[in-house]
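Below is the structure:
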């Protein structure tokens, strides 16, 4: 069986993703978002232009493309992440290089995650967006917080990262066990001779190709998906709660701007690259990431940008980027920090 050419495959995928930027997918998404808010308000019970049951049925149809889009992305995340991590690790020159890069990457990921959570919590405590909204302005299902399960101890959390049944972890969409399993497979393949691992690596390359074909199709749905999902969200939440949530959204956006400023400062001081030059070289990638809201979907373009514009060695980019796209969720960490404090403020829970 002839192995797929990873470099040629990567170039083809990144070219397609760049074409989405040239077609201004990001602008289509913004328009879809704006129109979705207007549609949701027009159909909401507060405006009452359309009878509630009819409006509810209409919103379900409008939101269908968005649900299909999310299902398509979620459907390919596990195989795409697995294939990318295995191929990334196997692209390393040797185990010693992998160990060095891996330890540095994990240290950076953990540090960035902790800092992003601190930024989110600090901003939310300072601004207090939860004071602009109260529980009774939310729909009943949102205003009744569920009692969560008791927190697991740290040793239990660490142990759960190691999957006793990898297939079960994939079915349950448990990403950390999947990442751990993929890393073990990648390291094992790296330990073998190239002629022994070539067949399995070709299989993972084919899986990655298939996943990207699905992503290509899903991206065409993105503007319509955003329109439908925004319409549904605004219809469910209502205008009063939407106005109250604007302070929360502003808090998250401000936190993300501060986080990006921190990254740009790091680039300026450590890498010695001007911030504006870095942003210019990253603009296509940033616009596409905004349009798709998926790190996995833009992974090929991320790798190609790192190698072509920042002269990162393939053995590093093809390992660090798939790993970072899976576990280095600094924006999500910041958002969750804000969300936790925000909900505590809304429902009057003292976090002290």
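Residue numbers (this note's numbering): 355 to 706. Glycine is no exception: its CB is placed at the ideal position from the N, C-alpha and C atoms. Treat the numbers as computed from the prediction; the structure is a model and nothing was measured.
C-beta contact flag for residue i and residue j at 8 Å
i           : j           : result
residue 333 : residue 631 : Outside the displayed span of the chain (355 to 706) sits residue 333, for which this structure offers no information.
residue 435 : residue 532 : yes
residue 483 : residue 605 : yes
residue 661 : residue 671 : yes
residue 688 : residue 618 : no
residue 412 : residue 395 : no
residue 608 : residue 457 : no
residue 537 : residue 443 : yes
residue 415 : residue 644 : no
residue 580 : residue 387 : yes
residue 677 : residue 459 : yes
Separation of residue j from residue i, as counted between CA atoms
i           : j           : result
residue 393 : residue 404 : 11 Å
residue 512 : residue 663 : 37 Å
residue 517 : residue 431 : 18 Å
residue 309 : residue 389 : What is shown of the chain runs 355 to 706, which leaves residue 309 out entirely.
residue 334 : residue 562 : Here the chain has residues from 355 to 706 only, and residue 334 is not among them.
residue 486 : residue 591 : 15 Å
residue 357 : residue 585 : Because the pLDDT of residue 357 is 42, which lies under 50, any placement of that residue in the model is unreliable, and the question is left without a value.
residue 640 : residue 628 : 17 Å
residue 528 : residue 514 : 10 Å
residue 470 : residue 546 : 39 Å
residue 402 : residue 595 : 16 Å
residue 551 : residue 557 : 10 Å
residue 555 : residue 519 : 22 Å
residue 633 : residue 701 : 40 Å
residue 703 : residue 510 : 27 Å
residue 454 : residue 441 : 18 Å
residue 616 : residue 665 : 22 Å
residue 355 : residue 549 : Model confidence at residue 355 stands at a pLDDT of 43, short of 50, so the residue's coordinates are unreliable and nothing is read from them.
residue 463 : residue 480 : 26 Å
residue 465 : residue 508 : 18 Å
residue 407 : residue 541 : 56 Å
residue 621 : residue 685 : 18 Å
residue 530 : residue 635 : 31 Å
residue 497 : residue 417 : The predicted model places residue 497 with a pLDDT of 49, which falls under 50 and marks its position as unreliable, so this point remains unresolved.
residue 452 : residue 626 : 25 Å
residue 651 : residue 535 : 21 Å
residue 391 : residue 593 : 10 Å
Nearest-angstrom beta carbon gap, residue j and residue i [assumed within contact, 8 Å]
i           : j           : result
residue 576 : residue 383 : 6 Å
residue 698 : residue 649 : Contact doesn't hold; Cβ gap of about 28 Å is too wide.
residue 449 : residue 583 : Residue 449 to residue 583, Cβ: 44 Å. No contact.
residue 426 : residue 568 : 6 Å
Nearest residue (CA-CA) to residue i, options the options
i           : options            : result
residue 437 : 559, 397, 451      : 559
residue 638 : 657, 626, 625      : 657
residue 646 : 406, 413, 414, 420 : 420
residue 599 : 578, 620, 696      : 696
residue 300 : 409, 530, 445      : No information on residue 300 is available, as it lies outside the stretch 355 to 706 that the chain covers here.
residue 378 : 471, 574, 423, 407 : 574
residue 439 : 705, 654, 701, 659 : 654
residue 423 : 410, 525, 570, 613 : 570
residue 602 : 616, 694, 624, 530 : 694
residue 467 : 614, 452, 417, 621 : 614
residue 433 : 525, 461, 409      : 525
Minimum Cβ-Cβ distance from residue i to chain B less than 8 Å
i           : result
residue 662 : Annotation note: the requested chain B is absent from the structure, which comprises a single protein chain.
| request: Only counting runs of 4 or more residues, tell me where the alpha helix (DSSP H) segments fall wholly within the segment 377-418, in order along the chain. | output: Listed in chain order, the complete alpha helix (DSSP H) runs (minimum 4 residues) inside the segment 377-418 are 379-397.
| said: Quick check on the DSSP output: what are the complete alpha helix (DSSP H) runs of length 4 or more inside the segment 491-579, in order along the chain? | reply: 494-497, 508-514, 520-525, 529-545, 548-573
| request: Just list the alpha helix (DSSP H) runs in the segment 569-642, keeping only unbroken ones of 4 residues or longer that don't cross its boundaries, in chain order. | output: 576-591, 593-620
Requested in this report: Any chance you could list the beta strand (DSSP E) runs of at least 3 consecutive residues sitting entirely within the segment 424-488, in chain order?
Outcome: none
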